[in-house]
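Heads up, the thing below is written out as structure tokens.
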Amino acid sequence: MSALFPFHGGLKTVRHKTESNTLPIEPGPLPRRLIVPLRQHMGNAAKPCVQAGDRVLKGQMIGQADGYISAAVHAPSSGVVAAVDLQPIPHPSGLADLCVTIETDGEDRWIERQPLDYRHLHPSDLRNALRNAGVVGLGGAVFPSAVKLNRGGHCERVDTLILNGAECEPWITCDDRIMRERAADIVAGLAIMAHLLEPREALIGIEEDKPEAVAAMTAACAGTGYEVRVVPTRYPSGSVKQLVFLLTGREIPDQGLPLDIGVQCFNVATAYTVQRAIAHGEPVIARVVTVTGHVQRPRNIDALLGTRFADLVAQCSGYRDGVERLIMGGPMMGFALHGDDVPVTKATNCILAASAGQLTPEQPVMPCIRCGACVDACPALLLPQQLYWFARAKEFDKARDHHLFGCIECGCCSYVCPSHIPLVQYYRYAKNEIWARDKEKEKAELARQRHQARQERLEREKQEREAKLRQKAPPRAAETVVEAADREG
Ligand code: SF4
Ligand code: SF4
């Protein structure tokens, strides 16, 4: 057993895993209508390549990647495009975004799928295939995987490739079930990633409260050289920074990337989609979603993207009485939704219907008593109360100097704060302010450079014009008389 490098702080949370992890993954419904957002990933939204009235097949591209940091979007089932317009999406703002609505025909008819042999593909063709299959990180960050699978100029080589199966947030169990049921495909996906990155070692980090997943993944790794490492059950061990440190002892710098220290990290569910995309020619059109909390029969559902949350809750026999809040993601890092009439996207790992008893009760915010509990809990080794003061006082430069951007917004500090200060909200506010100011500064600097360049060009043109005039013009009369006088002595 290799050594682990425990991180500072973190929390032992109540797990709430058994509510949903005892049943196998269930296929989701085939709804009459699927609403598929074109922005389901970090970076540019996909550009729609269908219009109302078009017939589409399951797996057909309906939005193409727009630029390097983008990913394609596909029809989750066959049918007719009813509209390409703004629809509500699962986002804390409750705002709408551009979506393709498909009236399904019930036939669920696939496009012709073309499996690829990755060993015979040029790396850039392989990455392109993943981009066109819409493969993005399914742990919640939804960053396009093709970008992460390009070492680029970042480092000589990737030393360690990590699959993240920690799933440390309470309530969420979709990765646990995927590892139990689809371990061979996950490991096959890892092999494709390893083919691109050529790491020295490949590790799979799984929290110790998932013994069945550990057993399944260990069996699937037999003979591959890939290694399953069991990490302590401690939130937030599934955060990339913490997992990388736990497994390697190496720290990712503030605002840096794992690649900066020769590491790359993917979620286990992402590895599964890599395998489906390459070995089966199936783009990402579905994902496993944990539906849990105050629903009648919590479970994991393999849901078509675009399925309404309400349809998944109905598959769990509906809500129980007393739901106070609907959360997408876990209780620590998820966000409250405005309703359940929004579609499943690639980022939807969990729908948590929380009752009053399952939520931390709203308590009056009291002044900071400088107890230091937040410092003890912070896994990023920050000074949360100090950051709070700076954010409150709008001393953003000081907040930045105190490594505000090293904050992973895990919520451990807020969780332990006896004064119930919503600390993470202050950090998000400060980060947004700093980003907005940086953008303003950049814009002003660009405008200044443009103005300066224009002034220099005008001056240059003026001087060129004057020089030309001087060359062309005959000597003036007065000058001729003076020159003649000079000649005569
Ligand atoms: S835990 Fe709360 S009260 Fe204690 S130091 Fe931190 S911010 Fe202040
Ligand atoms: S939210 Fe930020 S400051 Fe608070 S414990 Fe997590 S990393 Fe530390």
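My numbering puts the first residue of the sequence shown at 6, with every later residue one more than the last.
The beta carbon of each residue, even a glycine, is placed where N, CA and C say it ideally should be.
No experiment lies behind these values; they were computed from the predicted model shown.
Subject >> Beta-carbon proximity of serine 424 to methionine 371, cut-off 7 Å >> reply: yes
Subject >> Residues near serine 360 in its chain [Cβ-Cβ closer than 8 Å; skip 5 each side] >> reply: So the qualifying residues of the chain are Gly298, His299, Arg325, Gly327, Val328 and Glu329.
**OP:** Name the residue from Asp180, Glu438, Leu386 and Leu387 whose alpha carbon lies nearest to the alpha carbon of alanine 398.
**Re:** Glu438
Original post:
Within the present structure, is the beta-carbon of glutamate 414 separated from the nearest heavy atom of ligand 2 by less than 6 Å?
Top reply: Checking the 6 Å criterion, the Cβ of glutamate 414 is within range of a heavy atom belonging to ligand 2.
Original post:
Does DSSP put asparagine 133 in a helix, a strand or coil?
Top reply: helix
Original post:
Can you tell me the Cα-Cα spacing of glutamate 464 and alanine 472, whole angstroms?
Top reply: 12 Å
**OP:** Find out if the Cβ-Cβ distance for the pair glycine 64, alanine 308 is shorter than 7 Å.
**Re:** no
Original post:
Using a threshold of 6 Å, is the CB atom of alanine 385 nearer than that to any non-hydrogen atom of ligand 2?
Top reply: yes
**OP:** Return the chain-ordered list of same chain residues with a C-beta closer than 7 Å to the C-beta of threonine 223, the five sequence neighbours on each side being excluded.
**Re:** Val233
Original post:
Hey, arginine 20 and proline 149 are a contact pair by Cβ (cut 8 Å); roughly how many whole angstroms apart?
Top reply: With 8 Å as the limit, arginine 20 and proline 149 do not qualify as a contact, their Cβ atoms being about 31 Å apart.
Original post:
Using the C-alpha atoms, what's the distance from glycine 311 back to histidine 13?
Top reply: Roughly 39 Å separates the two Cα atoms.
Original post:
Can you name, in chain order, every residue of its own chain whose Cβ lies under 6 Å from the Cβ of glycine 194, other than the five neighbours on each side?
Top reply: Ala276, Tyr277, Val279 and Gln280
Original post:
Distance, Cα to Cα, glutamate 400 vs proline 241?
Top reply: Distance from the CA atom of glutamate 400 to the CA atom of proline 241, rounded to whole angstroms, is 28 Å.
Original post:
For alanine 490, which of helix, strand or coil comes out of DSSP?
Top reply: Model confidence at alanine 490 stands at a pLDDT of 48, short of 50, so the residue's coordinates are unreliable; what they give is reported in the following sentence. In the three-state scheme derived from DSSP, where H, G and I count as helix and E and B as strand, alanine 490 is classed as helix.
Original post:
Taking just the CA atoms, how far does aspartate 443 sit from alanine 449?
Top reply: 10 Å
Original post:
Quick one: what's got a C-beta closer than 6 Å to serine 75's C-beta in the same chain, skipping five residues either side?
Top reply: Gly48 and Asn49
Subject >> Within the region 82 to 135, ranges of the beta strand (DSSP E) (whole runs, at least 3 residues) >> reply: 84 to 93 and 101 to 109
**OP:** For threonine 353, count neighbouring Cβ atoms within 10 angstroms of its own Cβ and tell me buried if that reaches 16, exposed if not.
**Re:** With 16 or more Cβ atoms within 10 Å of its Cβ, threonine 353 is classed as buried.
Original post:
What residue from Phe10, Leu9 and Gly15 has the CA that sits closest to cysteine 379's CA?
Top reply: Gly15
**OP:** Taking glycine 335 as the reference, give the member of Cys179, Lys215 and Ala151 with the closest Cα.
**Re:** Cys179
Subject >> Distance CB(glutamine 46)-CB(methionine 66) smaller than 7 Å >> reply: The sequence as given places histidine at residue 46; glutamine does not occur at that position. The answer is no: Cβ separation not under 7 Å.
Original post:
Quick one: what's got a C-beta closer than 7 Å to valine 147's C-beta in the same chain, skipping five residues either side?
Top reply: Gln45, His46, Met47, Val141, Lys351 and Ala352
**OP:** Let me know the alpha helix (DSSP H) ranges lying completely inside the region 393 to 438, each 4 residues or longer, listed in chain order.
**Re:** If we require 4 residues or more, the alpha helix (DSSP H) runs fully inside the region 393 to 438 come out as 401 to 406 and 417 to 421.
**OP:** Counting only the same chain and skipping the five closest in sequence on each side, list residues whose C-beta sits under 7 Å from that of proline 364.
**Re:** Just to set this straight, residue 364 is leucine in the shown sequence, not proline. Excluding sequence neighbours, leucine 364 sits near Glu329 and Arg330.
Original post:
Should glutamate 213 go down as buried or exposed, given a rule of 16 or more other Cβ atoms within 10 Å for buried?
Top reply: exposed
Subject >> tyrosine 431 versus Gln390, Gln468, Glu217 and His456, residue with shortest Cα-Cα distance >> reply: Ranked by Cα distance from tyrosine 431, the options Gln390, Gln468, Glu217 and His456 are led by Gln390.
Subject >> Minimum length 4: unbroken alpha helix (DSSP H) runs contained in the region 186 to 216 >> reply: Fully enclosed alpha helix (DSSP H) runs of 4 or longer: 188 to 202.
Subject >> Length of the line joining the Cα atoms of valine 61 and lysine 403 >> reply: 53 Å
Original post:
What do you reckon, are the CB atoms on alanine 221 and arginine 185 nearer than 7 Å?
Top reply: Yes, they are a contact pair.
Subject >> proline 423 beta carbon near ligand 2 (any heavy atom closer than 6 Å) >> reply: Answer for proline 423: no, Cβ out of range of ligand 2.
**OP:** List the residues that DSSP assigns as beta-bridge partners of glycine 68.
**Re:** Pro53 and Val78
Original post:
So is cysteine 173 buried or exposed if we call it buried at 16+ other beta carbons inside 10 Å?
Top reply: That one is buried.
Original post:
According to the neighbour-count rule (16 or more other Cβ atoms, all chains shown, within 10 Å of its Cβ), is glutamate 447 buried or exposed?
Top reply: exposed
Subject >> 8 Å contact criterion, which alanine 171 and glycine 210 should meet: CB distance rounded >> reply: 5 Å
**OP:** Round the Cβ separation of histidine 456 and glycine 99 to the nearest angstrom and send it over; I've been treating them as touching at under 8 Å.
**Re:** That belief does not hold up - the Cβ atoms of histidine 456 and glycine 99 are roughly 40 Å apart, past 8 Å.
**OP:** Could you tell me whether the Cβ atoms of lysine 84 and threonine 109 are closer together than 7 Å?
**Re:** Going by the sequence as given, residue 84 is glycine instead of lysine. It is a contact, given that the beta carbons lie within the stated cut-off.
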